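Read through the structure below, which is laid out as structure tokens, and then see the notes.
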Ligand code: 5BU
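In the working numbering, the protein residues as written are 5 to 453.
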């Protein structure tokens, strides 16, 4: 008993739990914050912790140990060293080359693996890890956890048949800290009150289009058109002749805010065609959006943007660009709204969370970027464009993945949805564009309330 309390007090000195006002990832305001990672800074405490966790697992049958990444990795390693039981390592992400294994180490089918977790809240990350370990042919029966935040995680795992043992519950932790005067009476009751009546996460409200703080003039124009037409639809005109494209522009023009093009797939492209398209765009009030997906150094992008047979810079209102070459490379796009690609819709895309974070930094620091392409809400200041929308199918056989207008508008808070084959391959593009327009706008309005 005394030993556990000593351990906790020393861990507290290292900063594993802090009291005050903290905003959690879920948006909830919490009076305390737990992070067990500092324990690795004290080898002695880590050893004590490992021995305690091994004691908890005394009756458990296991041949291997695995820590849930990342916080429990050093804990699992120390337990392995102290007990002589081999360690396996679960990756957070598949490295995408080599063996493509999610679990590293030497193991055999049917071996039993003890899982180690630092903090259990909802139990979700522990369950995901168990699932991946089991998919490798291993068995999991027991888990040991340092701290239970008492938010239903243990019950969830028990229901699924797993044995979970915890070293401390959050209530025990605050009682001990209070007893040893690390926590005042007021703080204790504040934390207890929070634990007894956990607040629901705040609802993320969508900012209506007219209230968005859009800086870019093309962004403002696009929003004006959207509000006037009651449309958040961009049709992607991926047809390969100018005749088909002009016909499509006439048919869908009234229902869209922009027409997205891939001019390099058009067989008979000419600047005359562009003049004709511009006339339709003016008459039907939509913008021209060239989906060029630039991805080169600034100088080359400038040539691709201004020169060649397409002379994109002379007519496009908006363009797409990757940001892989960095912020400076985007400066060459003048007089146009840049839509930066931070996440793609296709299966197996390399645009993972890490990429999105870095890409967003580039996009947000470039003044000519008016929006981003992504499959989720990523930025408050930039407009969000989401391709991969189709009401009749969930994908093609070339990696495209589709969502419904409802999903992208209500789930992702997308500002503009991009629909290609769903419209131009339909029997009646005008009618279908109108249908997407009303579905998209209704879902947008529903997402406001
Ligand atoms: P579809 O026919 O609705 O699948 O066409 C989608 C269009 O959006 C097509 O022109 C793609 O090049 C474009 N697109 C996409 O589908 N996914 C992406 O991540 C990006 C663009 Br970026």
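All C-beta atoms, glycine included, are put in the ideal place defined by N, C-alpha and C.
None of these values were measured; they are calculated from a predicted model.
Item checked: For residue 290, the nearest candidate out of 238, 249, 123 and 296 (CA to CA) -> 238
Check: Relative to the C-alpha of residue 260, which residue among 231, 81 and 275 is closest?
Finding: 231
Check: Taking C-beta to C-beta, are residue 364 and residue 377 nearer than 8 Å?
Finding: no
Next item on the list: Taking residue 162 as part of the alpha helix (DSSP H), name the residues at either end of that continuous run.
Entry: 157-163
Margin query: Is residue 342 close to chain D? Criterion is C-beta to C-beta, closer than 8 Å.
Written below: Although the question refers to chain D, the structure presented lacks it and comprises just one protein chain.
Note to self: Tell me which residues share the same chain as residue 420 and place their Cβ nearer than 6 Å to its Cβ, disregarding the 5 neighbours each side in the sequence.
What the structure shows: 236, 238 and 389
Margin query: Measuring straight from C-alpha to C-alpha, what distance separates residue 171 and residue 61?
Written below: 11 Å
Notebook entry, point to check: From this set, 274, 294 and 332, which residue's C-alpha is nearest residue 367's C-alpha?
Noted result: 332
Item checked: Reduced DSSP category for residue 350 - H, G, I as helix; E, B as strand; rest coil -> coil
Item checked: residue 3 - containing beta strand (DSSP E), residue span -> No information on residue 3 is available, as it lies outside the stretch 5 to 453 that the chain covers here.
Notebook entry, point to check: What does a CB cutoff of less than 6 Å around residue 32 pick up in its chain, not counting 5 residues either side in sequence?
Noted result: 203 and 205
Note to self: Looking at the strands, I want to know which residues DSSP matches up with residue 324.
What the structure shows: 343
Notebook entry, point to check: Alpha carbon to alpha carbon, how far is residue 2 from residue 211?
Noted result: Only positions 5 to 453 of the chain appear in this structure, which leaves residue 2 out of reach.
Margin query: What would DSSP say about residue 35, mapped onto helix, strand or coil?
Written below: strand
Note to self: For a test of the three-state rule: what should DSSP assign to residue 374, helix, strand or coil?
What the structure shows: strand
Notebook entry, point to check: Around the Cβ of residue 58, are there at least 16 other Cβ atoms within 10 angstroms (buried) or fewer (exposed)?
Noted result: buried
Check: Which residue spans inside the region 375-451 form an unbroken alpha helix (DSSP H) run of at least 4?
Finding: 425-428
Checklist line | Residue span of the beta strand (DSSP E) that contains residue 154, given as start and end | finding: First-last for residue 154: undefined, no H or E at that position.
Checklist line | Cβ-heavy atom distance, residue 259 to ligand 1, below 7 Å | finding: no
Notebook entry, point to check: Using CA coordinates, which residue listed in 76, 166 and 163 is at the minimum distance from residue 53?
Noted result: 76
Note to self: Does residue 229 come out as helix, strand or coil in the three-state DSSP assignment?
What the structure shows: helix
Note to self: Quick check: residue 385 and residue 217, are their CB atoms within less than 8 Å of each other?
What the structure shows: yes
Check: Does the beta-carbon of residue 108 have 16 or more other beta-carbons within 10 angstroms, so that it is buried, or is it exposed?
Finding: exposed
Next item on the list: With hydrogens ignored, establish whether the beta-carbon of residue 225 is closer than 7 Å to any heavy atom of ligand 1.
Entry: no
Notebook entry, point to check: With 16 other CB atoms within 10 Å as the buried threshold, where does residue 379 fall?
Noted result: buried
Margin query: Here's a check: name, in chain order, each residue in its chain whose Cβ is nearer than 6 Å to the Cβ of residue 67, leaving out the five neighbours to either side.
Written below: 115 and 116
Note to self: Considering Cα atoms alone, identify which of 142, 153, 335 and 51 is closest to residue 83.
What the structure shows: 51
Margin query: Could you check if residue 242 belongs to the surroundings of ligand 1, using beta carbon to heavy atom distance under 7 Å?
Written below: yes
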